[in-house]
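Undergrad:
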Amino acid sequence: MIRAAALAGTAMMGLQGGTLHAQATQPQASGDNDVGIQDIIVTAERRATNLQNTPLSIIAVTQETLEAKGIQDLQDLSHFTPNLSISPTRGGGSSAASFVIRGISGGGGATGERGVGLYVDGIYMPRTSGAVLRVLDVDRIEVLRGPQGTLFGRNSTGGAIRIFSKQPTDRFEGSLEGVVGTFKHSDVIGMVNIPIGNGFALRAQGAYLYQDGFVSRGTQKLGMQEDYVARVQLRGELAPGLTATWGFLYNKSKENATPWVMQEFDMRPGIDGIIQGNYGDWLNDSFKAAGQAPLAAYNDPRLVKGPYQAPDVCLMDDFNPDYDAACDQYNNDEYWQADLNVNWSLSDTVSLHSITGYSKLKHRAVTDWELIGMEMRYDILNSRVFYQELQLNAALFGGAVDLVAGGTYFHEKSGAPYNYIVNRRGTSNYPATPGTPANADGGLYTRTISDVFQTSDSVGLFASGTWHVTDKLNLTAGLRHAWDHKDYTQTRYPPPATPYQTPDFTVAPGTSSTTVNASAPFRALDYRATIDYHFTDDIMAYATISKAYKAGSFSYTVLGWTATNNATGANQSPLVKPVPNEEVVNYEFGFRTTLFNRRLRLNPTAFLMHYTDRQAVIRVNCGTGPLAQIVPGSAACPVGFIPTLQDQGDAWIRGIEVDGQLVVAPGLTVDGSLGLTAYTLKNPPAGTTHLYPDIPTPTYNIGATYTTRMGAGKATLNVNYAYVGKQSVYPDDTADSGYILPSYGLVNARVQIQPTALPITLTIYANNLLDKVYATYAQRFGGGFWDSGAGTGIAAPPRNALSVVRGRPSDIGVSLKFNF
């Protein structure tokens with residue numbers, strides 16, 4: 001669902017050429033006298049400051065940078081931003097990507113909270129569902145690493161990503177761009193800016209973006225992306241010093257599925273007569289019933305088919321394993337946003353800023369959970385958000401103190417109405433009758449039918465001041481007090497009647513469902529204290545301590561009713577307990593340097609973060625802890641455990657980030673960055689071996705941009721290499737489900753030609769130039785899923801199935817942009 005709102009949210013593209021870590025860093029063309037790195041202006045402190053004078057760890061990226069690097073979406077951006085990771089999720093695809101900064105992320109769905117704040121034109125977007133990854137008509141993107149609680153509030157424990165679209169201007173301009181490339185890549189992007197008069201201007205963008213998938217499965221090409229984007233902005237000067245910008249955007253996003261492939265399928269020592277009553281046994285029966293060879297014990301070629309081929313197996317329609325439309329997948333989103341930004345300059349030293357926004361998200365998806373056509377999950381998510389921020393900026397005492405203060409209000413109604421799972425007869429959740437072959441009991445079984453709704457309100461008051469003690473020394477201090485409140489409702493429904501299966505959920509006599517309710521307040525006090533010292537105009541050092549929180553949540557599994565437990569909704573509601581806020585305290589030290597007559601910019605940062613009350617979903621064995629009342633092996637707990645959100649203790653995260661640029665010669669710039677991160681776990685819950693989701697380390701990139709003027713115009717060449725280190729994925733309290741995702745490196749290249757006599761820009765691009773085969777995410781199902789009657793973490797035999805999300809192969813194309 002993520003491609004839908006940052007794509008929509010900003011409608012950004014129309015790119016030209018630059019470098020990654022600067023807003024305006026491209027040197028003058030060959031022959032010009034000024035070849036120094038230009039200043040970068042950011043607003044990470046809620047006021048305009050020079051990047052080199054801002055005591056925060058920031059990456060600033062502009063429109064020119066995005067095109068020069070071949071960055072087409074935010075996931076590409078993460079390859080060039082140390083300690084930022086953006087990757088597709090299992091059920092939501094790239095449009096519901098997971099954001100991670102310095103190893104801190106967060107939950108999804110209708111009630112989860114992220115640890116990375118996402119802002120589009122100042123409007124906070126709480127759901128990754130609908131947050132668009134593609135970028136169009138962008139002015140800049142700021143990636144703020146480390147806790148940002150004082151100025152940005154809730155859910156910024158890892159950091160914040162801020163996307164700014166280009167604003168209407170008083171100059172008529174427009175553009176029309178077409179892109180064609182491999183995988184049927186076909187984009188049409190248009191923009192027009194119209195001065196209306198009397199201080200008003202209108203800017204409109206529209207785009208159709210399409211690229212086919214690259215993983216074959218039956219009749220589908222997984223990884224397909226199709227987007228329709230429209231955005232209109234009206235900017236006007238209402239009075240001297242008073243300006244307002246009204247904006248509206250719409251995005252419709254379609255995907256068929258995440259590009260998963262099966263990389264390993266290990267059922268050793270064998271299938272027939274050894275494993276009974278589980279996925280492997282039932283899949284084996286289907287092959288034999290269709291007159292095909294039995295399932296191989298290791299890497300059956302019908303399942304493990306190649307780097308870009310998923311299993312062509314589907315059992316949703318009948319017991320014949322051949323693929324058909326019953327296993328087709330999709331991720332569809334619609335996103336609307338209306339916003340109003342008002343700026344009022346009361347004097348040369350005082351200004352007011354108001355940001356008002358309303359957004360609506362609709363997400364619909366169907367996912368083949370195991371990728372072998374035995375379990376389809378139907379997912380619906382709706383969200384409505386209202387956001388209001390008021391901000392005062394003032395320069396006090398003759399400019400000796402810069403003050404920013406204000407308040408925010410956030411309101412969201414989110415829900416996942418009537419989500420459910422459909423299993424084929426014979427799976428571990430719908431086993432065949434003991435003693436009979438699985439194909440003797442045909443039919444489908446619908447289970448885990450539920451509604452989840454949540455209403456969230458949050459109010460925050462903040463103030464931050466910077467005291468310029470001397471021309472060299474600055475002290476900054478800030479506080480934010482936040483009051484959150486959540487109302488939570490979950491309803492479970494019994495499955496349709498079937499003659500083959502005991503229902504996985506029962507309700508009290510005379511009722512049709514069981515509903516639990518919970519309500520809880522959450523409070524937080526965030527702070528920041530910073531000292532920065534300028535040794536010269538070009539060398540600054542800073543040290544900071546900052547804190548942020550991620551809003552608390554609820555965790556509960558609704559119990560089925562029996563005559564002995566009397567588990568009605570009213571009796572269960574008091575058992576729903578809130579999970580407390582996550583909190584991160586950051587200790588950070590860094591230098592900001594511009595050396596050798598502005599030819600070298602080097603910005604190193606070191607950090608240590610204390611991460612407390614971590615919220616994580618782990619497998620909890622039935623009959624223990626919060627699931628003490630659920631019997632292992634019962635219809636409500638057929639595999640012996642249930643994934644449950646729990647407080648997972650503390651962690652210390654440490655690392656470094658280095659960003660640099662060097663002007664080698666007129667027209668030639670080299671840039672690069674490096675990120676290293678590690679962690680130490682503290683006081684994990686008793687009785688678990690839960691692992692912390694590993695951070696890819698190291699991450700680094702290096703690139704070069706060369707611009708030269710020719711007789712007929714200007715040409716720009718960019719070549720870059722990005723490396724992502726190995727990492728552990730899907731870690732939990734079962735050792736047989738861990739997997740180390742391999743490292744990978746990607747080479748991108750881009751040539752851009754701008755003729756002097758024509759208002760066009762021709763770009764030839766090659767992403768993943770060397771056609772690297774790599775994976776961006778992985779999922780391993782261990783013995784707990786494949787061994788009949790076994791609990792989690794079974795030691796032997798180590799049966800497992802490993803699937804991975806493939807990155808896109810070599811992607812080559814051409815773009816032609818006409819400016820008018």
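Residue numbers for the sequence shown, in UniProt numbering: 1 to 820.
Heads up, the beta-carbon is just placed ideally off N, CA and C, and yes, glycines get one too.
Since the structure is predicted, the reported quantities are computational estimates derived from the model, not experimental observations.
CA-CA distance, K166 and Q38?
TA: Their backbone Cα atoms lie some 20 Å apart in a straight line.
Undergrad: Using the Cα positions of R217 and D402, report the straight-line distance between them to the nearest angstrom.
TA: Rounded to whole angstroms, R217 to D402 spans 58 Å at the Cα level.
Undergrad: Please return the same chain residues whose Cβ sits closer than 6 Å to the Cβ of V751, not counting the five positions on each side in sequence.
TA: Excluding positions up to five away in sequence, the list reads L717, I764.
Undergrad: Is DSSP giving A289 helix, strand or coil here?
TA: Looking at A289 - three-state DSSP - the assignment turns out to be helix.
Undergrad: What does the alpha-carbon distance come out to for the pair S351 and G407?
TA: Approximately 15 Å, taken between the alpha carbons.
Undergrad: Would you tell me roughly how many angstroms separate the C-alpha atoms of L56 and L144, rounded to the nearest one?
TA: When rounded, the distance between both Cα atoms is 7 Å.
Undergrad: Measuring CB to CB, does V804 end up less than 8 Å from L770?
TA: Taking 8 Å as the Cβ cut-off, V804 and L770 do not qualify as a contacting pair.
Undergrad: I need the DSSP call for S513, collapsed to helix, strand or coil.
TA: Coil, per DSSP.
Undergrad: If we require 4 or more residues per run, which alpha helix (DSSP H) segments fall completely within the region 544 to 594?
TA: Segments of the alpha helix (DSSP H) lying fully in the region 544 to 594: 569 to 572.
Undergrad: Between T448 and Y420, which are expected to be in contact by the criterion C-beta below 8 Å, what is the C-beta distance as a whole number of angstroms?
TA: That belief holds up - the Cβ atoms of T448 and Y420 are roughly 6 Å apart, short of 8 Å.
Undergrad: Helix, strand or coil for D281 per DSSP?
TA: D281: helix per DSSP, three-state reduction.
Undergrad: Is A68 helix, strand or coil by DSSP?
TA: Correct three-state label for A68: helix.
Undergrad: Whole angstroms are fine: how far does the CA of F591 sit from the CA of I531?
TA: Straight-line Cα distance between these residues: approximately 12 Å.
Undergrad: In its own chain, which residues sit with a C-beta less than 6 Å from the C-beta of A801, not counting the 5 before and 5 after it?
TA: Result list for A801: F265, F781, in chain order.
Undergrad: Does the beta-carbon distance from G725 to T680 come in below 8 Å?
TA: No; because the gap between Cβ atoms is not below 8 Å, this pair is not in contact.
Undergrad: Rounded to whole angstroms, what is the Cα-Cα separation between R377 and Y119?
TA: If I take the Cα positions, the gap works out to 30 Å.
Undergrad: Within 10 angstroms of the Cβ of R268, are there 16 or more other Cβ atoms? Answer buried if so, exposed if not.
TA: Per the 10 Å Cβ criterion, exposed.
Undergrad: Buried or exposed: where does L816 fall if 16 or more other Cβ atoms within 10 Å of its Cβ makes it buried?
TA: Burial call: exposed.
Undergrad: Check the C-beta distance from residue 851 over to T491 and give it rounded, since I have them as a contact under 8 Å.
TA: Summary: the structure shown does not reach residue 851, with the chain confined to residues 1 through 820, and so no result is reported for it.
Undergrad: Tell me whether R523 is buried or exposed, calling it buried when 16 or more other Cβ atoms sit within 10 Å of its Cβ.
TA: The residue in question, R523, is exposed, as its Cβ has fewer than 16 Cβ neighbours within 10 Å.
Undergrad: What beta strand (DSSP E) runs, 3 residues minimum, are completely inside the region 207 to 255?
TA: The qualifying runs are 215 to 217, 220 to 222, 225 to 239, 242 to 255.
Undergrad: Using 8 Å as the cut-off, can you tell me whether the region 257 to 264 makes contact with the region 226 to 241, which would need three or more C-beta pairs spanning the two stretches below that distance?
TA: Flag = no, the region 257 to 264 and the region 226 to 241 do not touch.
Undergrad: Along the beta strand (DSSP E) that carries D266, what are the first and last residues, could you check?
TA: Looking at the DSSP string, the run of the beta strand (DSSP E) that includes D266 is 260 to 266.
Undergrad: On a CA-only basis, which of P496, E583, G117, K550 is nearest T612? Give me that one, please.
TA: Nearest option by C-alpha distance: E583.
Undergrad: Roughly how many angstroms lie between the CA atoms of Q72 and L66, to the nearest whole one?
TA: Between Q72 and L66, the C-alpha separation is close to 7 Å.
Undergrad: Starting from Q490, follow its DSSP beta bridges and name the residues at the other end.
TA: Beta-bridge pairing links Q490 to V452, V516.
Undergrad: What's the call for N393, buried or exposed, on a 16-neighbour Cβ count within 10 Å?
TA: By the neighbour-count rule (16 or more Cβ atoms within 10 Å), N393 is buried.
Undergrad: For E173, which option in P759, P809, R806, Q779 has the closest C-alpha, if you only look at C-alpha atoms?
TA: The option with the nearest alpha carbon to E173 is P759.
Undergrad: Runs of 4 residues minimum, wholly inside the region 284 to 348: which ones carry the alpha helix (DSSP H) assignment?
TA: Segments of the alpha helix (DSSP H) lying fully in the region 284 to 348: there are none.
Undergrad: Name the one or two DSSP bridge partners that S165 has.
TA: Looking at the DSSP assignment, S165 forms a beta bridge with V138.
Undergrad: Does the Cβ of Y777 have 16 or more other Cβ atoms within 10 Å, making it buried, or fewer, making it exposed?
TA: It counts as buried.
Undergrad: Distance check for R162 and A131, CA to CA, integer angstroms please.
TA: Any answer about A131 is weak, because its pLDDT of 45 lies below 50 and its placement is not dependable; what the coordinates show is given next. Cα-Cα distance, rounded: 12 Å.
Undergrad: Counting only the same chain and skipping the five closest in sequence on each side, list residues whose C-beta sits under 8 Å from that of H468.
TA: Contacts found: G399, A400, V401, D402, N474.
Undergrad: Nearest by alpha-carbon distance to R140: which of E64, E657, K547 is it?
TA: For R140, the nearest C-alpha among the options comes from E64.
Undergrad: By the 10 Å Cβ neighbour count, where 16 or more other Cβ atoms means buried, how is T792 classified, buried or exposed?
TA: With a pLDDT of only 40 at T792, under 50, the local geometry of the prediction cannot be trusted, and the value read off the model is given with reservation. When all chains shown are included, T792 counts as buried.
Undergrad: Count the C-beta pairs between the region 599 to 613 and the region 569 to 576 that are closer than 8 Å, then say yes if the count reaches three, no if not.
TA: No: the two stretches stay apart, fewer than three of their Cβ pairs being nearer than 8 Å.
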